[in-house]
């Protein structure tokens, strides 16, 4: 995952006038669809935030955020599938008998499945410290931080624990000058309220995508430079149908690399339309014609 993120950063930086970055949300199919499908899903939290003795009002923030995430998950599942959901707000004390308590709640609430949060943490992780020298030859240190969400989940059926897992999601957040990189305190997670909610929701969405139709945010490059000027002009007008038509015109170009770029463009534009079979066909065609880093990256994240 770290190497993949480095690749993505590289392409973001390298994106020039010959390329255009576009953003969109694409639908995803469940990786492990539940069979038989749930009749009703119960959502609850068994992680005792108070017991962790967090500082700086972290416990109050986490309690509120966990409730918000459970409601978010319930709404997303119902919107995507029509499956009935019910949320038990607040902390559910299982008295260290997690399974039996969850089974009892499933029976009480007439639910076939339960999604349980059993671990939760948001924090800033110092990823590196860069040392430079100013005009007076004095050392300057800059620390870089990722914002991280680590959430533990348990998936239950009415008669068994199906899966326990823990997901960690992170993204670059900020940097700051420090006296000593080893002692540099990162940003305050409570003060960075919006960013904390965003990374926690991303973590939860990726978890839900395992079992239910979902969605993922994409950033993809389109080729818009020499030979693809018409594609660039169409994208500048947000006319993605015209961009598709112009790309399709070039997929059989005698120049294999140009045809590969056109096929890759079509793969991106079909993915944007949630036509994933067509996107995969054009992506494979692109890779068969030439080795494009953009197409290889897309294949790894498709």
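Residue numbers (the numbering used here): 37 to 338. Ideal Cβ positions, reconstructed from N, Cα and C, are used throughout, including at glycine. Computed from a prediction, not measured in an experiment: that's the story for all the values here.
Per DSSP, residue 57 forms a beta bridge with which residues?
DSSP, once it has assigned bridges, lists 257 as partnering residue 57.
Excluding the 5 residues flanking residue 145 on each side, which residues of the same chain have their C-beta closer than 7 angstroms to its C-beta?
These residues qualify, in order along the chain: 78, 122.
For residue 175 versus residue 213, is the C-beta spacing smaller than 8 angstroms?
No, these two residues do not count as a Cβ contact at 8 angstroms.
Helix, strand or coil for residue 300, going by three-state DSSP, please let me know.
Residue state, collapsed to three classes: helix.
Express the C-alpha separation of residue 321 and residue 335 in angstroms, rounding to a whole number.
12 angstroms
Three or more C-beta pairs closer than 8 angstroms, one from the region 220-234 and one from the region 272-279: is that the case here?
no
I'd like the list of long-range same chain contacts for residue 37, defined as Cβ closer than 7 angstroms, with 5 residues on each side in sequence excluded.
Unreliable placement is indicated for residue 37, whose pLDDT of 47 sits below 50; no coordinate value is reported for it.
In this structure, how does DSSP classify residue 226 when only helix, strand and coil are distinguished?
coil
Work out the CA separation of residue 294 and residue 258 for me, nearest whole Å.
13 angstroms
Shortest alpha-carbon distance to residue 112 belongs to which of 148, 215, 248?
Looking at the Cα atoms, 248 is the closest of the given residues.
Excluding sequence positions up to five away, which residues of its chain have a Cβ less than 6 angstroms from the Cβ of residue 338?
Excluding its 5 nearest sequence neighbours in each direction, residue 338 has no C-beta neighbour in its own chain below 6 angstroms.
Which runs of the beta strand (DSSP E) at least 3 residues long sit entirely within the region 89-162? Give them in chain order.
The qualifying runs are 120-127.
Just to check, is the beta-carbon of residue 141 closer than 7 angstroms to a non-hydrogen atom of the ligand ZN?
Ligands are entirely absent from the displayed structure, and the ligand ZN is therefore not among its contents.
Out of curiosity, what's the CA-to-CA distance linking residue 239 and residue 302?
29 angstroms
Using the DSSP secondary-structure output, state which residues sit across from residue 263 in a beta bridge.
Residue 263 pairs with nothing; no bridge assigned.
Taking only three categories from DSSP, how would you classify residue 241?
helix
For residue 134, which residues of its own chain have a beta-carbon under 8 angstroms away from its beta-carbon, when the five flanking residues on both sides are left out?
82, 152, 154, 190
Could you check whether residue 148 and residue 193 sit closer than 8 angstroms to each other, using their CB atoms as the reference points?
yes
Using only the alpha-carbon positions, how far apart do residue 195 and residue 139 sit?
Cα to Cα, the separation comes out at about 7 angstroms.
Just the C-alpha distance for residue 39 and residue 312, rounded to the nearest angstrom, thanks.
Caution applies to residue 39, whose pLDDT of 46 falls short of 50 and renders its modelled position unreliable; the model cannot decide the point.
Only counting the same chain, and skipping five residues up and downstream in sequence, which positions put a Cβ closer than 6 angstroms to that of residue 54?
Around residue 54: 261.
Going by the DSSP bridge assignment, what does residue 200 pair with across the sheet?
Residue pairing by DSSP places residue 200 opposite 190 in a beta bridge.
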